[in-house]
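Report on the structure given below.
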Amino acid sequence: MCANSPSFDPATELTGPMTSAVSFKQVSRHFGSVRAVDAVDLDIVPGEFFAMLGPSGSGKTTCLRLIAGFEQPTAGSISIFGERAEGVPPYRRNVNTVFQDYALFPHLNVLDNVAYGLMVKGVGKAERLKAAEEALSLVRLPGYGTRRPSQLSGGQRQRVALARALVNQPKVLLLDEPLGALDLKLRENMQEELKSLQKVLGITFVFVTHDQGEALSMADRVAVFNDGRIMQVGSPEDIYQRPKTRFVADFVGSSNVLPPDFVQRYSGQHRWGSLRPESIRVSSAASGDGVAARLVGTNYLGATTRLALDANGLMLHAVVPAGTSLPAEGEAVLLTFNRESLHLMDEPA
Amino acid sequence: MRSDRGQRAPLGLKIAAACGLLFLHLPILLIFVYAFTTEEKSFVWPPPGLTTQWFAVTWNRPDVWEALSLSVRVAAISTAIALVLGTLCAAAVSQTRFFGREAISLLVILPIALPGIITGIALRSAFALADIPFSFWTIVLGHATFCVVVVYNNAVARFRRTSGSMIEASMDLGADGFQTFRHVVLPNIATALLAGGMLAFALSFDEVIVTTFTAGQQQTVPIWMLEELIRPRQRPVTNVVAMVVVLVTLLPILLAYYLTRDGDQIAGSGK
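From first to last, the protein sequence lines stand for chains A and B. In terms of the numbering used here, the first sequence opens at residue 2 and continues consecutively. In terms of the numbering used here, the second sequence opens at residue 1052 and continues consecutively.
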């Protein structure tokens, strides 16, 4: 090990109020000709719950691995709480990861799994087992220490992985699609639990997901990734209500993307626009002030019904509450919406 | 293998299976019986009498001890070399991506796929070319070629079943490379290494072909036995040694089988 490479020493560290938890400056990670991460600038505020959202292959996981130290940037600089991170191996970063497949050690029992980080740091046996037991209580698995990972359910394994990371008191906790393998009910419970855990601990959480609902409901701020670049960073409301690009509008909540010619008629500006499906009202009036369209399909989703509409060749989607009386498929309908809900996008792409 | 529980095999099939097993194992039983015969010049059936004197005779023959000692030492050192090289190679092939990875994997397995006589001739001419005199180490080198394969195959199968993110998780939790190897990698591949090692030991112990090309005047146990068959004197001594060899090689293979039967096949056990 290189003795003079930068490392995280709490004694020498200066965390002023302006220091970012994680800061990317023009960071790129190229694999041959593939630009997994391309000139990304990013600042994560200490103590926030930050989500990286994007389709698979968009670079969000590579960004996470750059923070963890499993990847090194090909260009740019990364700092974690003000400390340069390039060249620092994963085991000398005060950052811990909850892996997508949990990556528990099958040859150790749950307690030894959780205590692993303290064990390799040389913490005494009694002390580290006590800390591990406390961490297990924190994730609501007290008394599970003697079991093997193979004896646990998926949700329990996930909690053990969480406890194993948290016991090291990381400054940043990285979560790589941690809820992906859980079923819907469990996922919703874990979402709430993760969020309240983050509030209690005050640790910066960086959360990677391809599920826009998960990102919107859990995060303080969301970064939307596409093709190795960040399309937009903002609060969930920002991202959802005011998407900057067609990609964001489409990926987050599958908004209706409207071409400039259409938008010009309603806003007077020749720009791309987005309109949320739930902002569209559908009535069976044959004429009036609105967009004439034809109902081509209905999709029952339980609490809501999703409608496919054809407005002179422009395909639109609307979401109406369940129980709304609907015209039959194929009939003419009139679409209305508030002008404020039509959002104009800055960038065409 | 049973495909259908409850469904009984027809009688003809049972008899055929019994005959097959007898054909395979009766000759081995005969070797054991001849170790106790009183006739020393040729093997006659039935044995004219039974005696345990050959155990004492074998015990007092220095050539037996020399051959046994050489075989054990060769097997031990070849296995040790194979454990280190085979594990390193398996780790490289299964954990990393590099140019020529598939080719290397094939080249490692080649010595066990090639007939031993080819390996033997190749090694002998290589030793002659490099002017290396035959010694203990030439035998070890010859044996190591196929012992590496056995360890490699077992280790690579285990590495494939081991989640790659486990190593990353260990590093993430603060363990450096050495700690990760000691606390995560080694415990997870230990039984595979034990199984591979025992198989390698057993293979080396009864290897004849490669050994004849690389041993010069030295005699390992199998070579000693071949020579002994030509001499019409104290024949049952060979059988006593054969019994020992069966025990020495069978027990590790059985143990290896039980250690890895949960999904891992014992690659190369057919050699």
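The C-beta atom is built at its ideal place from N, Cα and C for all residues, glycine as well.
Interface annotation, Ala164/A: not in contact with chain B, CB-CB separation never under 8 Å.
One Cα belongs to Ala104/A, the other to Thr1138/B, and the distance between them is close to 22 Å.
Per the C-alpha coordinates, the member of Ser256/A, Leu317/A and Arg148/A positioned closest to Phe106/A is Arg148/A. Think of a sphere of 8 Å around the beta carbon of Ser1216/B: the chain A residues whose beta carbon falls inside it are Phe100, Gln101, Asp102 and Ala104, in chain order. Contact between the stretch 112-126 of chain A and the stretch 157-168 of chain A is present: three or more C-beta pairs spanning the two stretches fall below 8 Å. At the C-beta level, Thr98/A and Asp177/A come within 8 Å of one another. Against chain A, the beta carbon of Val1235/B has neighbours under 7 Å at Phe106, listed in chain order. Looking at the DSSP output, Pro322/A bridges to Thr305/A. Cβ-Cβ distances below 8 Å link Ile79/A to Val23, Ser24, Phe25, Lys26, Val28, Leu67, Ile68, Arg85, Ala86 and Glu87 in the same chain, with the five nearest sequence neighbours on each side left out; the list follows chain order. Counting along the chain, Arg230/A sits inside the beta strand (DSSP E) bounded by residues Arg230 to Gly235. Rounded to the nearest angstrom, the gap between the Cα atoms of Ala1243/B and Asn1205/B is 6 Å. No Cβ-Cβ contact shorter than 8 Å links Leu198/A with Gly274/A. When C-beta distances to chain A are compared with 8 Å, the residues of the stretch 1221-1253 of chain B below that value are Ser1221, Met1222, Asp1223, Leu1224, Gly1225, Ala1226, Asp1227, Gln1230, His1234, Val1235, Pro1238 and Asn1239, in chain order. Counting only runs that start and end inside the stretch 41-124 of chain A, the alpha helix (DSSP H) elements of at least 4 residues fall at 61-69 and 111-121. Cβ-Cβ separation between Thr1103/B and Pro1287/B: approximately 10 Å, too far for a contact (criterion under 8 Å). In the structure shown, Lys245/A adopts coil according to DSSP, grouped into three states.
Using a CB distance cut-off of 8 Å, Lys131/A does not count as an interface residue toward chain B. Cβ neighbours of Gln265/A within its own chain (closer than 6 Å, five residues either side excluded): His271.
Only residues of its own chain outside the window of five on either side were considered, and among them Asn1290 and Ala1293 have a CB closer than 6 Å to the CB of Ile1082/B, listed in chain order. Residue pairing for Phe206/A: DSSP places it in a beta bridge opposite Phe50/A and Leu174/A. Between Gly291/A and Arg277/A, the C-beta spacing is not below 8 Å. Assigned with DSSP and collapsed to three states, Arg222/A falls in strand.
If you draw a straight line from the Cα of Ala1220/B to the Cα of Ile240/A, it is about 32 Å long.
About 13 Å separates the beta carbons of Phe208/A and Val225/A, which is beyond the 8 Å limit, so they are not a contact pair.
Following the DSSP letters along the chain, one finds Phe32/A inside the beta strand (DSSP E) bounded by residues Val23 to Phe32.
At least one C-beta of chain A is nearer than 8 Å to the C-beta of Glu1219/B. Sixteen is the threshold: since fewer than 16 other Cβ atoms of the shown chains lie within 10 Å of the Cβ of Ser151/A, the residue is exposed.
Each residue's CA atom was taken as its position, placing Lys1065/B and Arg1059/B some 10 Å apart.
Taken atom to atom, the span from the alpha-carbon of His211/A to that of Gln233/A is near 15 Å.
In the structure shown, Thr299/A falls within a strand segment according to DSSP collapsed to helix, strand and coil. For Asn257/A, the three-state secondary structure derived from DSSP is strand.
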